[in-house]
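First the structure, in the form of structure tokens, and then the observations on it.
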Amino acid sequence: MVQMRKKDRKQLYFRKLAKILNSNSKCFVVGIDNVRSQQMQQIRYSLRGSAEMVMGKNTMIKKCIRDVDNENVRKLLPLIKENVGLVFTNGDLGDVRDKIQANRIGAPAKAGILAQCDVSIEPQTTTLGPEKTSFFQALSIPTKINKGTIEILNKVNLIEKGTRVGASEAALLTMLKITPFTYGLEIQEVYDEGSIYPPSVLDIKPEDLIDHFKQCGRTIAALSMAINHPTYASVPHVVVKTFKKLLAISVKTDYTFKESESIKEYLKDPSKFAVAAAPAPAAGGGQAKAAEAKKPEPESESDEEMGMGLFD
């Protein structure tokens, strides 16, 4: 098989990338550290039909971006650094993001790498023999021998996020068969039709935007009323507040308007409140019981005749 010359390969790569840049309006900048070739092929397969992944030397990608007649695409130039790749799409960014994050595999902790999360060891009975006790003592892990095996007594925070994994910690996790880390494409930035923003923005749902908009409206209304400056947000509250003042004036004076008639009528005859609030009488003997309840109890005849109480 005849291999292409280096110059021809570069020209083919530039034409392919230029076509992708001109035909797609959205892009993920992804970190590819610790991603194996087999895992990369699985990610490409899962993205087939919805997105296209581009890898290559940063210098070649930057040169192609500069040569493309698109000012918005040039905003990607500061993001092309270190070990990164590009995932282009015209579809929904959330769906593509989910496919990228679904392709992650567990990996053991290797000495010298940065921990991507906190690693702790729970209390457990291991399969290690007593000869490994000194190894645990070197890491200040409390243990005891239980039925010929080492038992870890307390929870131990072994590695902190962002610190480098030591050789002893890596060896211990390997002996315990613990794979604390997962590796895959790490989304660093999102490019969307000339806008650059962090991937956390994709977690915002329409309901969150609506709630935030409502809260802003309430804040504007409160501020407008506090400084007596009318706005669209404060008009309903001002109308309600003014209507309450008009009702108060109508109640205190002889002036009456349609909306205040019922209120003034209630205030003139408070018994109407009780009639309106009274529950409906029960069928049958309900009315008789109500009549009996309203009937006053007769006063004691002996008290009226004697005119004094028991202790007078």
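Just so you know, the sequence shown maps onto residues 1 to 312 in full-length UniProt numbering.
Here a beta-carbon is modelled for each residue, glycine too, at the ideal position from N, C-alpha and C.
For residue i, the nearest candidate out of the options (CA to CA)
i, options, result
"Thr149", "Lys19, Ile159 and Phe136", "Phe136"
"Val165", "Thr125, Arg66, Pro108 and Thr126", "Pro108"
"Arg44", "Lys99, Gly31, Pro180 and Ser271", "Lys99"
"Lys161", "Ile113, Met40, Ser134 and Leu173", "Ile113"
"Lys81", "Asn72, Asn58, Val96 and Arg97", "Asn58"
"Leu158", "Ser140, Met175, Gln41 and Asn72", "Ser140"
"Pro123", "Gly129, Leu176, Thr231 and Val156", "Val156"
"Asp254", "Lys241, Lys268 and Thr242", "Lys268"
"Asp69", "Gly106, Ala233, Ala18 and Ala226", "Ala18"
"Gln42", "Ala102, Thr179, Phe14 and Glu71", "Ala102"
"Gln11", "Gln39, Met40, Met60 and Val30", "Met60"
"Thr174", "Glu71, Val239 and Leu128", "Leu128"
As assigned by DSSP and simplified to three states, the class of residue i
i, result
"Leu114", "strand"
"Lys155", "coil"
"Ala290", "Below a pLDDT of 50, predicted positions are generally treated as unreliable, and Ala290, at 48, falls in that range; the measurement from the model is reported next regardless. In this structure, Ala290 counts as helix in the three-state DSSP scheme."
"Thr126", "coil"
"Phe28", "strand"
"Lys161", "coil"
"Asp192", "strand"
"Leu246", "helix"
"Asn103", "coil"
"Phe181", "strand"
"Phe257", "coil"
"Glu265", "helix"
"Met175", "helix"
"Lys57", "coil"
"Ile220", "helix"
"Asn70", "coil"
"residue 315", "Residue coverage of the chain in this structure runs from 1 to 312, which leaves residue 315 outside it and unanswerable."
"Ser46", "helix"
"Asn90", "coil"
"Ser140", "coil"
"Ser234", "coil"
"Ser251", "Correcting the residue identity first, residue 251 is Val in this sequence and not Ser. In this structure, Val251 counts as helix in the three-state DSSP scheme."
"Ile65", "helix"
"Asn34", "coil"
Buried versus exposed call for residue i [16 or more other C-beta atoms within 10 Å across all chains shown]
i, result
"Glu265", "exposed"
"Cys27", "buried"
"Arg5", "exposed"
"Val96", "buried"
"Phe311", "Residue confidence for Phe311 is low, a pLDDT of 40 falling below 50, so the modelled location carries little weight and cannot support an answer."
"Ala290", "With a pLDDT of only 48 at Ala290, under the threshold of 50, the placement of this residue in the model should not be trusted, and no figure is reported."
"Leu176", "exposed"
"Ile145", "exposed"
"Leu77", "exposed"
"Leu223", "exposed"
Close Cβ partners of residue i (< 6 Å) along its chain, the five nearest in sequence each way excluded
i, result
"Met55", "Gly85"
"Phe88", "Ile20, Asn24, Cys27 and Glu52"
Contacting residues, own chain, Cβ-Cβ under 7 Å from residue i (five flanking each side not counted)
i, result
"Asn90", "Asn24, Ser25 and Lys26"
"Arg104", "Thr182, Tyr183 and Gly184"
"Thr143", "Thr133, Phe136, Ile150, Glu151, Ile152 and Leu153"
"Tyr197", "Val190"
"Ser168", "Ala138 and Leu139"
"Phe14", "Cys64"
"Ile187", "Phe28, Val30, Arg97, Ile100 and Pro199"
Close beta carbons around residue i, own chain, < 8 Å, minus the five adjacent residues each side
i, result
"Leu93", "Lys26, Phe28, Val190, Asp192 and Leu202"
"Ile204", "none"
"Ala170", "Pro108, Ala109, Lys110 and Ala111"
"Ser250", "Thr256, Phe257, Ser260, Ile263 and Lys264"
Any chain D beta carbon closer than 8 Å to residue i
i, result
"Tyr197", "No chain D appears in the structure shown, which is made up of a single protein chain."
| How do the region 145-159 and the region 203-219 stand: do at least 3 beta-carbon pairs fall below 8 Å, yes or no? | The answer is no - the region 203-219 does not touch the region 145-159, with fewer than three Cβ pairs under 8 Å.
| query | Are the region 117-125 and the region 49-67 in contact at 8 Å, needing three or more beta carbon pairs? | reply | No, because fewer than three Cβ pairs between the region 117-125 and the region 49-67 fall closer than 8 Å, the two stretches do not touch.
| Would you call the region 26-40 and the region 183-202 in contact, with 3 or more CB pairs under 8 Å? | yes
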